[in-house]
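These protein sequences, in sequence, are chains F and H. If you count the first sequence from 1, position 12 lands on -8 in our numbering, and the numbers rise without skipping. If you count the second sequence from 1, position 33 lands on 13 in our numbering, and the numbers rise without skipping. See below for the structure under consideration.
Number of protein chains: 2
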Amino acid sequence: MSVFEAIGRRRDVRAEFSGALIDDATLERLLAAAHSAPSVGNSQPWDFIVVQDPNRLREFAIHVSGQRQKFADTLPDERARTFDPIKIDGIVESGTGIVVTYNHGRGGPHILGRHTIGETGLYSVILAISNLWLAATALGVGVGWVSFYEEDYLAELAGLPEGIRPVAYLCVGPVKQLQTTPDLERFGWRTGRPLSSAVHRERFSSTA
Amino acid sequence: MSVFEAIGRRRDVRAEFSGALIDDATLERLLAAAHSAPSVGNSQPWDFIVVQDPNRLREFAIHVSGQRQKFADTLPDERARTFDPIKIDGIVESGTGIVVTYNHGRGGPHILGRHTIGETGLYSVILAISNLWLAATALGVGVGWVSFYEEDYLAELAGLPEGIRPVAYLCVGPVKQLQTTPDLERFGWRTGRPLSSAVHRERFSSTA
């Protein structure tokens, strides 16, 4: 699949996991794609914890469900009604979670390119996630990025040592289909804005 | 170009810009690819400021050069010698800079998926950058992510209003070639680690 096709077809998958488990060879290709990402100072500050134990997945799904409720409770009526039918994770159905982490200490004290902008290491981790996600799209595998969790909880679940921080929990698995329209548009949560409103010439223009 | 090929060929470009200016149609395709990225709560918190004024590029290059020197001054001897020949930007030669920014306020107070992890908006911006970078690779255009700058300086240069934060400065332009080996490996700064050391099963393993 071409880069442009993958960019267009990529979806944040919740309800479309088929229930089949991803095979190890495909999983390895996705992880290799992630690991090929560029990183600040070539520090490769990421790790990937592959979670497939059904009990652990169920336990995490319960935590996420609680966080979903907490968010719902903060919403005004109209937003709460719109949010209600939106599925926010496929943790159990996907069968596989990948906890992606960040190690700020990897690469020692002199990280080329990080001395002015401290978050660049974290940004490298996101580039790895993006690679994995687009590679998955090309292979017909769905990825759903779940962020309804408390960091400390996920760190404990994945056995992360001190200094290693969870950045994302990705549900990964075969899908029945990929939606053509993003869920949050289909369900009326929020539509996109035109490209022209995001592009500015020479300096930021508040009217662009 | 396929997703996997683009992932493998992508380089962080410094010295390989040809000196030609990217044409507007290609630039538009890259920005459209960036704008197609998924974002937390579909908030699309990014903006893109395209900088092509030669005076502004020169001014920024001088600032970056100063930051390069500051970093060099912190290095022990062996690292300083290794760093010395490494070119860290192609700001002037690329002819085009794209300042990518983050607006935490876009989308209002109820961002679906951001209530537990505050940085997820910032992560969305990096997904947009990744799309742009891979799309550029597919079109034979080089991208070099420069982070040797002070945020306040770049915000001023790009005329960013209060509340809009610069996340990256990308040099974008046609290239003579893409290197097959990343610069930091070629120059002996830091080599990568094997994938196996980054992958863990069920829980983080310090021996993995």
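A virtual CB, placed ideally from N, CA and C, is assigned to each residue, including glycine. Note that the structure is a prediction, hence the values are computed from the model and not measured.
Tell me whether residue i sits in a helix, a strand or coil according to DSSP, three-state version.
i	result
residue 15 of chain H	helix
residue 109 of chain F	helix
residue 188 of chain F	Any answer about residue 188 of chain F is weak, because its pLDDT of 43 lies below 50 and its placement is not dependable; what the coordinates show is given next. Residue state, collapsed to three classes: coil.
residue 150 of chain F	strand
residue 91 of chain F	coil
residue 38 of chain H	helix
residue 78 of chain F	strand
residue 97 of chain H	coil
residue 122 of chain H	strand
residue 180 of chain F	strand
residue 69 of chain H	coil
residue 27 of chain H	strand
residue -6 of chain F	coil
residue 144 of chain F	strand
residue -18 of chain F	strand
For residue i and residue j, I'd like the C-alpha separation in whole angstroms.
i	j	result
residue 190 of chain F	residue 99 of chain F	With chain F running from -19 to 188 in the structure shown, residue 190 of chain F is simply not present.
residue 27 of chain F	residue 130 of chain H	29 Å
residue 93 of chain F	residue 143 of chain F	21 Å
residue 175 of chain H	residue 111 of chain F	14 Å
residue 188 of chain F	residue 32 of chain H	Because residue 188 of chain F carries a pLDDT of 43, less than 50, the predicted location of this residue cannot be relied on, and the following value inherits that uncertainty. Their backbone Cα atoms lie some 17 Å apart in a straight line.
residue 18 of chain F	residue 57 of chain H	26 Å
residue 122 of chain F	residue 114 of chain F	10 Å
residue 15 of chain H	residue 172 of chain H	31 Å
residue 44 of chain H	residue -9 of chain H	20 Å
residue 127 of chain H	residue 62 of chain H	19 Å
residue 170 of chain F	residue 21 of chain H	7 Å
residue 152 of chain H	residue 34 of chain F	46 Å
residue 59 of chain F	residue 146 of chain F	29 Å
residue 101 of chain F	residue 23 of chain F	8 Å
residue -14 of chain F	residue -7 of chain F	14 Å
residue 55 of chain F	residue 88 of chain H	12 Å
residue 69 of chain F	residue 64 of chain H	48 Å
residue 117 of chain H	residue 137 of chain F	38 Å
residue 4 of chain F	residue 30 of chain F	11 Å
residue 2 of chain F	residue 157 of chain F	15 Å
residue 181 of chain H	residue 154 of chain F	19 Å
residue 67 of chain F	residue 66 of chain H	48 Å
residue 135 of chain F	residue 6 of chain H	42 Å
Applying a beta-carbon distance threshold of less than 8 Å, which residues of chain F neighbour residue i?
i	result
residue 192 of chain H	The structure shown has nothing for residue 192 of chain H, since chain H only spans -19 to 188.
residue 55 of chain H	90
residue 106 of chain H	103, 106, 107 and 110
residue 178 of chain H	11, 15, 24, 26, 27 and 28
Output yes if chain C places a C-beta closer than 8 Å to the C-beta of residue i; else output no.
i	result
residue 18 of chain F	Absent from the structure is chain C; the protein chains it does hold are F and H.
Just to make sure I have the definition right: I need the residues of chain H whose C-beta is within less than 8 Å of the C-beta of residue i. Which are they?
i	result
residue 165 of chain F	22
residue 122 of chain F	Residues of chain H passing the Cβ test: none, with the nearest at roughly 13 Å.
residue -18 of chain F	-19, -18, -17 and 118
residue 59 of chain F	90
Could you tell me whether any Cβ in chain F is nearer than 8 Å to the Cβ of residue i?
i	result
residue 136 of chain H	no
residue 172 of chain H	yes
residue 131 of chain H	yes
residue 63 of chain H	yes
residue -3 of chain H	no
residue 153 of chain H	no
residue 160 of chain H	no
residue 115 of chain H	yes
residue 69 of chain H	no
residue 87 of chain H	yes
residue 169 of chain H	yes
residue 36 of chain H	yes
Of all the CB atoms in chain H, is at least one closer than 8 Å to the CB of residue i?
i	result
residue 181 of chain F	yes
residue 92 of chain F	yes
residue 15 of chain F	yes
residue 31 of chain F	yes
residue 2 of chain F	no
residue 11 of chain F	yes
residue 175 of chain F	yes
Please list the partners that residue i has in chain F, where partner means a Cβ-to-Cβ separation under 7 Å.
i	result
residue 42 of chain H	Correct list: empty, because the minimum Cβ distance to chain F is about 15 Å.
residue 47 of chain H	96
residue -6 of chain H	Neighbours of residue -6 of chain H on chain F: none; closest Cβ ~11 Å, over 7 Å.
If the cut is a Cβ gap below 7 Å, which residues of chain H does residue i touch?
i	result
residue 111 of chain F	-13
Determine the chain H residues that contact residue i at a beta-carbon separation under 9 Å, and present them in chain order.
i	result
residue 100 of chain F	125, 127 and 148
At 9 Å on the CB atoms, spell out the chain F contacts of residue i, in chain order.
i	result
residue 145 of chain H	Near residue 145 of chain H there are no residues of chain F at all, since even the closest Cβ is about 10 Å away, more than 9 Å.
Are the stretch 6 to 21 of chain F and the stretch 36 to 44 of chain F touching by the rule of at least three beta carbon pairs closer than 8 Å? no
Does the stretch 159 to 177 of chain F come into contact with the stretch 70 to 82 of chain H, if we say contact requires no fewer than three beta-carbon pairs (one atom in each stretch) closer than 8 Å? no
For the structure I just gave you, are there three or more beta carbon pairs, one from the stretch 68 to 75 of chain H and one from the stretch -17 to -1 of chain H, closer than 8 Å? yes
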